[in-house]
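For the sequence shown, my numbering assigns the number 1339 to the initial residue and increments by one for each residue that follows. Beneath this line is the structure, given in structure tokens, with notes to follow.
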Amino acid sequence: MDYLEIQGGNKLNGTVTIDGAKNAALPLIAATILAKHPITIHNLPPVNDIYTMLKLLENLGATYTYKDKQATIDATTINNTTAIYDIVRKMRASILTLGPLLARFGICEVSLPGGCAIGQRPIDLHLKALEMMGAQIEIKQGYVIAKAPDGLKGATIVFDKITVTGTENIIMAAALAKGESRIINAAKEPEVVQLCEVLQDGGVTIEGIGSDELVIYGTNRELVDMKDFTVIPDRIEAGTYLCAGAITNSAITLKNVNHAHLVSIILKLQEMGYDFDIEKESITIKPASRIKALKISTTEYPGFPTDMQAQFMALSLIAEGTSTIEERLFENRFMHVSELNRMGADITLNNHIATVEGDAKLYGADVMATDLRASSALVLAGLIAKGSTKVHRIYHLDRGYVKLEEKLQKLGAKIKRAKE
Ligand code: EPZ
1339 MDYLEIQGGN KLNGTVTIDG AKNAALPLIA ATILAKHPIT IHNLPPVNDI
1389 YTMLKLLENL GATYTYKDKQ ATIDATTINN TTAIYDIVRK MRASILTLGP
1439 LLARFGICEV SLPGGCAIGQ RPIDLHLKAL EMMGAQIEIK QGYVIAKAPD
1489 GLKGATIVFD KITVTGTENI IMAAALAKGE SRIINAAKEP EVVQLCEVLQ
1539 DGGVTIEGIG SDELVIYGTN RELVDMKDFT VIPDRIEAGT YLCAGAITNS
1589 AITLKNVNHA HLVSIILKLQ EMGYDFDIEK ESITIKPASR IKALKISTTE
1639 YPGFPTDMQA QFMALSLIAE GTSTIEERLF ENRFMHVSEL NRMGADITLN
1689 NHIATVEGDA KLYGADVMAT DLRASSALVL AGLIAKGSTK VHRIYHLDRG
1739 YVKLEEKLQK LGAKIKRAKE
């Protein structure tokens, strides 16, 4: 297994290019199941979750080529509708094949994804919504067995909780359903918006894109005339590099960003005292004279993203005073706390609220990555810790960050990948 070794203390400078958004690409790859012909996807980030989703489609009978961040996928050849446990267990987002497979074939079996480090992550809302659309759902030996022999029918779905992949699954199911579907309390993340736009460009009529209420006019099982597309920039990768500039109090520039997707992150950094130059497709963060403590509550888009919670916790360690961070979406997304405390942080937990003492004097240590975003928080802390920090189990990191250590090296960080 690999680990990352970081010597803390360097200032950063220069420019980093942001890659395509993993969480946009995953539903979009699943959506090719609905396509009438092969599709080419540009700006597809070469991270392990993307390889896993491509392997899953291949296992179903699709074919693909993938080179230089461009993939051509032909899902018209799919001849198997069982998403097997061995692939699904590697990546929960495999559940995104459920909606499109059921809509297209009228029957499918998808392994239950199981929980993960940050929480139990149920899919009850996905399944309840599909039943509202006429599916018969059965759970057997760890698999979801879904049937809709006469096809899915349009329905009004009210999500009790806002669910990103739940919304995406139902958008894809509704695209091929018979009649009109209305999704109330839909997720509005930019990744959900791009899925709607790609389906709309393929001839599916969708109203309310970007709002919490979507109306989708299904094609009654006619496949979608999807057009080639380019994946949007990864707002969480961008936020992570903004935190790298902020935690080292350096000036760095990010290219290939859509700053409209970063408003809550930029505002929070401005509140802390950082300054920005914002151009059309680039952002420069500039050092703060004083770094103020912060108060964060994670919430659904466009609020402050849960996927940035761990990174901002690392950043709050250098602020003046005490910060509080409330994690409202997941029941167990504080695994980075014990690792940061081993580096000398003073963070206490009370249920879903973390209290972080600022002006921390961090020292390098061996730390363990536990999930994708926690891993990046440990790397950020390593950039400022005294001495050497080794972040182990970075397979978590490789799921969602393209060449993180190379990008940080180019910015001037002393970081390298090594073998255990
Ligand atoms: C997506 O996960 C993202 N993953 C996550 O990013 C992100 O943290 C999360 O949305 C929240 O923004 C992808 O897009 C592939 P949810 P998802 O369904 O869709 C509860 C990363 O780091 N819930 O929006 O699985 C659930 O337990 C990953 O890139 C139900 O109760 O999250 C959670 O408390 C981590 N029943 C809340 O809703 C359901 O059926 C939000 O979950 C579904 C969800």
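Cβ coordinates follow ideal geometry from the N, Cα and C atoms, glycine included. These numbers come from a predicted model, not from an experiment.
Kindly list the residues whose CB is nearer than 7 Å to the CB of Lys1499, restricted to its own chain and excluding five residues on each side of it in sequence; keep chain order.
Here residue 1499 refers to the residue found at position 161 when the sequence shown is read from its first residue. So the qualifying residues of the chain are Leu1463.
Check whether Gly1556 and Asp1488 have beta carbons under 9 Å apart:
As a position in the sequence shown, residue 1556 is number 218, starting the count at 1. As a position in the sequence shown, residue 1488 is number 150, starting the count at 1. No; because the gap between Cβ atoms is not below 9 Å, this pair is not in contact.
Can you tell which of Phe1614, Asn1594, Leu1687, Ser1713 has its C-alpha closest to the C-alpha of Thr1355?
Looking up residue 1355 in the sequence shown gives position 17. Of the listed residues, the one whose Cα sits closest to Thr1355 is Asn1594.
If you draw a straight line from the alpha carbon of Asp1697 to that of Ile1656, how long is it in whole angstroms?
If you number the sequence shown from 1, residue 1697 lands on position 359. If you number the sequence shown from 1, residue 1656 lands on position 318. The C-alpha of Ile1656 is placed about 5 Å away from the C-alpha of Asp1697.
When DSSP labels each residue in this structure, what does Ile1544 get in the three-state scheme?
The count along the sequence shown starts at 1 and reaches residue 1544 at position 206. Correct three-state label for Ile1544: strand.
One question on the structure: do Lys1724 and Leu1700 come within less than 9 Å of each other, judged by their Cβ atoms?
In the sequence shown, residue 1724 corresponds to position 386, counting from 1. In the sequence shown, residue 1700 corresponds to position 362, counting from 1. Yes. Within cutoff.
Taking 8 Å as the cut-off, is the beta-carbon of Glu1771 closer than that to any non-hydrogen atom of the ligand EPZ?
Because residue 1771 is not part of the residues shown, which for the chain are 1339 to 1758, the question remains open.
Distance, Cα to Cα, Pro1383 vs Ala1413?
Taking the sequence shown and counting its residues from 1, the one referred to as residue 1383 is at position 45. Taking the sequence shown and counting its residues from 1, the one referred to as residue 1413 is at position 75. In a straight line, the C-alpha of Pro1383 is about 20 Å away from that of Ala1413.
With a threshold of 16 other CB atoms inside 10 Å of the CB of Met1339, please say whether the residue is buried or exposed.
Here residue 1339 is taken as the residue at index 1 of the sequence shown, counted from 1. Taking all protein chains shown into account, Met1339 has fewer than 16 neighbouring C-beta atoms within 10 Å of its C-beta and is therefore exposed.
Under the rule that 16 or more other beta-carbon atoms within 10 Å means buried, what is Lys1633, buried or exposed?
As a working mapping, residue 1633 is identified with position 295 in the sequence shown. For Lys1633, the number of other beta carbons within 10 angstroms of its own is below 16, and it is reported as exposed.
Determine the burial state of Arg1628: buried for a count of at least 16 other Cβ atoms within 10 Å of its Cβ, exposed for fewer.
Counting from 1 along the sequence shown, the entry for residue 1628 is found at position 290. Within 10 angstroms of the beta-carbon of Arg1628 lie fewer than 16 other beta-carbons, which makes it exposed.
Nearest-angstrom beta carbon gap, Thr1419 and Ala1400 [assumed within contact, 8 Å]:
Taking the first residue of the sequence shown as position 1, residue 1400 is located at position 62. Taking the first residue of the sequence shown as position 1, residue 1419 is located at position 81. At roughly 12 Å, the Cβ-Cβ gap does not stay under 8 Å, so Ala1400 and Thr1419 are not in contact.
By alpha-carbon positions, which one of Ala1584, Glu1551, Lys1741 ends up nearest to Lys1759?
Coverage of the chain is limited to positions 1339 through 1758, which leaves residue 1759 absent and any answer about it impossible.
Report the three-state DSSP secondary structure of Ala1359 (helix, strand or coil).
Along the sequence shown, read from residue 1 onward, the residue named residue 1359 stands at position 21. Three-state DSSP puts Ala1359 in coil, outside helix and strand.
How is Thr1426 classed by DSSP in three states: helix, strand or coil?
Here residue 1426 corresponds to residue number 88 of the sequence shown, with the count starting at 1. The displayed chain sequence assigns Val, not Thr, to residue 1426. Here Val1426 sits in helix by DSSP.
Return the first residue and the last residue of the beta strand (DSSP E) that Arg1520 is part of.
Within the sequence shown, the letter at position 182 stands for residue 1520. Unbroken beta strand (DSSP E) run through Arg1520: 1518 to 1522.
To which residues does DSSP link Thr1420 through a beta bridge?
The residue labelled residue 1420 in the question sits at position 82 within the sequence shown. DSSP, once it has assigned bridges, lists Glu1447 as partnering Thr1420.
Give the single residue among Val1531, Glu1447, Asn1558 whose Cα lies nearest to the Cα of Ile1570.
On the sequence shown, residue 1570 is found 232 positions in, with the first residue counted as 1. Minimum Cα distance to Ile1570 is reached at Val1531.
When every heavy atom of the ligand EPZ is checked, does at least one fall within less than 8 Å of the C-beta of Val1729?
For the purposes of this step, residue 1729 is taken as residue 391 along the sequence shown, with counting starting at 1. Every heavy atom of the ligand EPZ is 8 Å or more from the Cβ of Val1729, so no.
Starting from the Cα of Tyr1341, find the closest Cα among Leu1749, Lys1466, Val1705 and give me that residue.
Position 3 of the sequence shown, counted from the first residue, corresponds to residue 1341. The residue with the shortest Cα to Cα distance from Tyr1341 is Val1705.
Assess, as a yes-or-no matter, whether the stretch 1594 to 1605 is touched by the stretch 1369 to 1379 under the definition of 3 or more beta carbon pairs within less than 8 Å.
no
Which first and last residues belong to the alpha helix (DSSP H) in which Thr1390 is found?
Along the sequence shown, read from residue 1 onward, the residue named residue 1390 stands at position 52. Unbroken alpha helix (DSSP H) run through Thr1390: 1386 to 1398.
Leaving out five residues before and five after Glu1658 in sequence, what residues of the same chain have Cβ atoms less than 8 Å from its Cβ?
Counting from one through the sequence shown, the residue named residue 1658 turns up at place 320. Contacts found: Arg1628, Ile1629, Lys1630, Ala1631, Gly1696, Asp1697.
Sort out for me which residues DSSP pairs Asn1688 with in a bridge.
Counted from its first residue, the sequence shown places residue 1688 at position 350. Its beta-bridge partners are Ile1691.
For Ser1714, count neighbouring C-beta atoms within 10 Å of its own C-beta (all shown protein chains included) and say buried if the count is 16 or more, exposed if not.
Counting from one through the sequence shown, the residue named residue 1714 turns up at place 376. Classification for Ser1714: buried.
Helix, strand or coil for Tyr1739 per DSSP?
Stepping through the sequence shown from its first residue, residue 1739 is reached at position 401. In the structure shown, Tyr1739 sits in coil (DSSP, three-state: anything other than H, G, I, E or B).
Rounded distance between the beta-carbons of Met1651 and Ala1692, thought under 8 Å
For this step, residue 1692 is matched to residue 354 along the sequence shown. For this step, residue 1651 is matched to residue 313 along the sequence shown. Ala1692 to Met1651, Cβ: 6 Å. Contact.
Which stretch, first to last residue, makes up the alpha helix (DSSP H) that contains Arg1711?
The sequence position of residue 1711 within the sequence shown is 373, counting from 1. That run of the alpha helix (DSSP H) goes 1710 to 1722.
Touching or not, the stretch 1735 to 1752 and the stretch 1611 to 1621, by the rule of three or more beta carbon pairs under 8 Å?
no
Assuming Ala1582 contacts Leu1440 under a Cβ cut-off of 8 Å, what Cβ separation, rounded to an integer in Å, is found between them?
What you label residue 1582 is simply residue 244 of the sequence shown in a count that begins at 1. What you label residue 1440 is simply residue 102 of the sequence shown in a count that begins at 1. So it is not a contact: roughly 41 Å between Cβ atoms.
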